[in-house]
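Residue 520, in the numbering used here, is where the sequence shown stops; the numbers in between run on with no holes. For reference, the structure is listed below as structure tokens.
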Amino acid sequence: MSTEGTATRGLRPDTISILWKFGVMLVVAIAIALIPTPEGVDERGMLMLGIFVATIIGLILQPLPTPSVSLIGLAAAMVTGAMGMSAVRVETVGGGTASLPIEALGGFANTTVLLIVAAFFISDGFLLTGLGRRIALLFIRVLGKTPLGIAYGMAATDLALSPATPSNTARAGGVVYPIIRSIAEVQGSTPDSDESRKKVGAYLTFTAAIVNTITSAMFITAMAGNPQAVAQAADLGVDITWGGWAAAAIVPGILSLIAVPWVMSKIYGPTTKTTPEAPAMAREELARMGGLSFGEIVMIFTFVLLLVLWVFGSSISSAVNGALGTNLQLDATTAAFIGIAVMLVTRVLTWKDMAKNASAWNTFIFFAVLVGMAEHLNRLGVIQWIGDFVSGLVGGMPWVFAFAILTLVYFYAHYLFASNTAQIVAMYGVFLGAAIAAGAPPMFAALVFGFIGNLFGALSHYASGPSGVLYGSGYIKVGEWFRTAFAMSVVVILIWTFAGGAWMFVLGLWDGAAPPFG
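Okay, here's the thing in structure tokens:
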């Protein structure tokens with residue numbers, strides 16, 4: 003019997019590196035746990051904070067894969083008593099009671115976590131049926147005569163898929179990049195030399211990375227970490243709906259999608275100025291694909307149904323409940339599961355497809371653990387204490403200036419992170435709490451920090467999954483990435499600050515109003 007499989011499960015050449023990383027995590031956890039318990043914080047608070055911060059550091063250092071680090075953090079919290087198996091009794095419909103875990107296992111029943119997992123399966127439908135590729139080719143057929151036109155076509159593709167594709171890495175790497183690579187190679191643009199890569203491949207690849215951050219910011223379901231931001235905002239009393247987020251993001255998002263490809267063409271432009279073969283290539287590929295398949299038709303129906311339910315679900319629920327006296331609740335998670343049900347019944351998606359989606363299950367474990375930890379920290383009073391501390395640093399300032407400082411720090415702190423989600427988990431609630439304490443309108447602040455949690459995703463080549471995938475293509479050098487990404491971050495910040503700020507003022511968010519559909 004071969005021992006190769008078992009050998010790799012023992013000590014490995016990088017064992018020392020792994021142990022060193024776990025050592026750093028342990029030292030951090032102990033150091034924070036030894037801090038005297040501040041006033042107003044539960045006696046377990048600093049221990050829980052130490053384990054949480056150590057887990058976040060583990061997600062950055064990656065001694066083991068993300069789900070493994072998360073489960074180890076959960077085990078540490080349970081063993082030390084920072085998180086117990088405490089439960090609450092809730093009344094059931096039949097008049098009885100049921101026990102629900104709210105500490106160690108509470109995150110596994112969180113609706114936002116389940117929404118993320120469901121949305122991964124929905125995104126599978128676009129890839130499995132070929133609908134995502136067809137959408138991309140349709141845009142290229144119309145807009146593909148120049149690199150700038152192709153860039154706009156890729157932006158339109160990303161935007162069209164984003165509401166139902168929480169894996170922005172899947173959008174960038176599974177749909178957009180394969181088309182870009184094909185077009186680049188037709189133009190003789192490969193990563194093999196500077197002259198070759200700069201013809202068109204580098205421009206299209208880098209533009210796709212920036213565009214992906216914009217589309218991810220436009221919808222709660224366009225990036226896996228967005229529901230986590232929504233959950234943390236809810237812990238602070240701010241309830242963000244799918245429609246409310248989309249309404250607030252639509253204007254700065256569209257303006258950014260118009261501006262980014264053009265600005266990139268000026269500061270990181272291609273040496274090839276026309277791509278006449280691209281539309282023909284797209285037409286040929288579309289001809290090979292033929293007419294819409296049954297699966298694609300089902301996905302179009304499912305996509306439209308999801309958009310309707312995500313935008314108007316609460317209104318539909320209210321109307322039905324008022325007319326029939328029912329207790330219908332069409333929230334975002336319910337809508338997502340309805341979409342999955344349609345796909346399963348029509349066999350567009352099968353359980354085998356769902357079972358082998360490692361990204362979905364990895365994300366489920368990762369998010370469930372971290373959401374549970376974050377919620378527990380809030381219950382223990384730690385988040386309130388940190389928020390008070392951070393707000394004290396900007397205390398006395400007018401809220402506009404304090405908010406500007408907090409948002410800029412939050413944005414550029416992402417140089418220290420290799421994941422959008424990791425930073426959202428670690429910092430979103432803290433900075434939102436500080437902004438609210440400084441006097442910023444809660445809904446306005448919650449949405450802005452939510453948008454930023456996506457917009458910083460291309461600051462570095464390691465900043466997010468899409469950036470890692472696109473950098474790995476070989477078309478972009480590290481130095482080019484840092485210089486150009488910083489310049490584009492300024493452009494994006496200006497658009498979302500002035501155009502986005504003005505739009506949210508029109509919506510009344512500066513005065514504390516809820517956005518439309520919110």
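All C-beta atoms, glycine included, are put in the ideal place defined by N, C-alpha and C.
Beta carbon of residue i, beta carbon of residue j: below 7 Å?
i, j, result
"PHE446", "LEU408", "no"
"ILE426", "ALA231", "yes"
"ALA424", "LEU76", "no"
"THR209", "ASP160", "no"
"ALA138", "VAL202", "no"
"ALA448", "SER393", "no"
"GLY459", "THR243", "no"
"SER198", "THR192", "yes"
"PHE141", "GLY134", "no"
"ALA487", "LEU461", "yes"
"PRO468", "ALA157", "no"
"ALA78", "ILE59", "no"
"VAL71", "PHE366", "no"
"GLY246", "VAL313", "no"
"VAL115", "VAL373", "yes"
"GLU298", "THR131", "yes"
"VAL188", "GLU279", "yes"
"ALA174", "PHE305", "no"
"GLY383", "VAL43", "yes"
"GLU105", "GLY83", "no"
"ARG143", "ARG285", "yes"
"THR335", "LEU107", "no"
"GLY190", "PRO281", "no"
"LEU457", "VAL494", "yes"
Starting from residue i, trace the alpha helix (DSSP H) both ways and give me its first and last residue.
i, result
"MET356", "353 to 357"
"ILE152", "149 to 163"
"GLU286", "279 to 291"
"ILE53", "47 to 63"
"GLN234", "228 to 237"
"LEU308", "296 to 326"
"ARG381", "360 to 381"
"THR215", "203 to 220"
"ASP390", "384 to 395"
"MET429", "Taken as a continuous stretch (DSSP letters only), MET429 belongs to no alpha helix (DSSP H), as it is neither H nor E."
"GLU41", "Taken as a continuous stretch (DSSP letters only), GLU41 belongs to no alpha helix (DSSP H), as it is neither H nor E."
"GLU187", "179 to 188"
"ILE340", "334 to 347"
"LEU133", "133 to 145"
"TRP505", "502 to 508"
"SER72", "68 to 82"
"GLU105", "Segment: none, GLU105 is in no alpha helix (DSSP H) and carries neither H nor E."
"LYS268", "244 to 269"
"ILE407", "401 to 414"
"SER1", "Nothing in the structure corresponds to residue 1, since the chain is present only between 3 and 520."
"SER198", "196 to 199"
"LEU449", "444 to 457"
"GLY481", "480 to 496"
Check the C-beta distance from residue i over to residue j and give it rounded, since I have them as a contact under 8 Å.
i, j, result
"SER164", "PHE221", "6 Å"
"ALA162", "ALA338", "ALA162 to ALA338, Cβ: 18 Å. No contact."
"PHE369", "TYR412", "PHE369 to TYR412, Cβ: 20 Å. No contact."
"ASN1", "GLY227", "Here the chain comprises residues numbered 3 to 520, so residue 1 is not present and cannot be evaluated."
"TYR414", "GLY455", "The Cβ separation is near 13 Å, so there is no contact."
"LEU150", "TRP22", "Contact flag wrong, Cβ pair sits at about 47 Å."
"TYR179", "SER475", "7 Å"
"ALA248", "ILE497", "Wrong, their Cβ atoms sit about 17 Å apart, outside the cutoff."
"VAL471", "THR171", "6 Å"
"ALA204", "TYR477", "4 Å"
"ALA219", "PRO168", "13 Å between Cβ atoms; not a contact."
So is the beta-carbon of residue i under 6 Å away from any non-hydrogen atom of the ligand FAD?
i, result
"ILE454", "Annotation note on the ligand FAD: not contained in the displayed structure, which lists no ligands."
At a cut of 8 Å, does the segment 271 to 283 reach the segment 345 to 361 through at least three beta carbon pairs? No, they do not touch.
Would you call the segment 380 to 389 and the segment 43 to 54 in contact, with 3 or more CB pairs under 8 Å? Short answer: they touch.
Tell me, please, whether the segment 242 to 253 touches the segment 501 to 510 by the rule of three or more beta-carbon pairs shorter than 8 Å. Enough Cβ pairs lie closer than 8 Å, so yes.
Kindly confirm or deny that the segment 399 to 407 and the segment 353 to 369 touch, where touching means at least three C-beta pairs closer than 8 Å. Counting Cβ pairs under 8 Å, fewer than three are found: no touch.
Pairs of beta-carbons, one from the segment 232 to 239 and one from the segment 473 to 485, closer than 8 Å: are there three or more? Counting Cβ pairs under 8 Å, fewer than three are found: no touch.
Count Cβ pairs between the segment 25 to 43 and the segment 56 to 74 that sit closer than 8 Å; are there 3 or more? Contact between the segment 25 to 43 and the segment 56 to 74 is present, because at least three Cβ pairs lie under 8 Å.
Counting pairs of Cβ atoms below 8 Å between the segment 328 to 338 and the segment 289 to 300, do you hit three or more? No, the segment 328 to 338 does not touch the segment 289 to 300.
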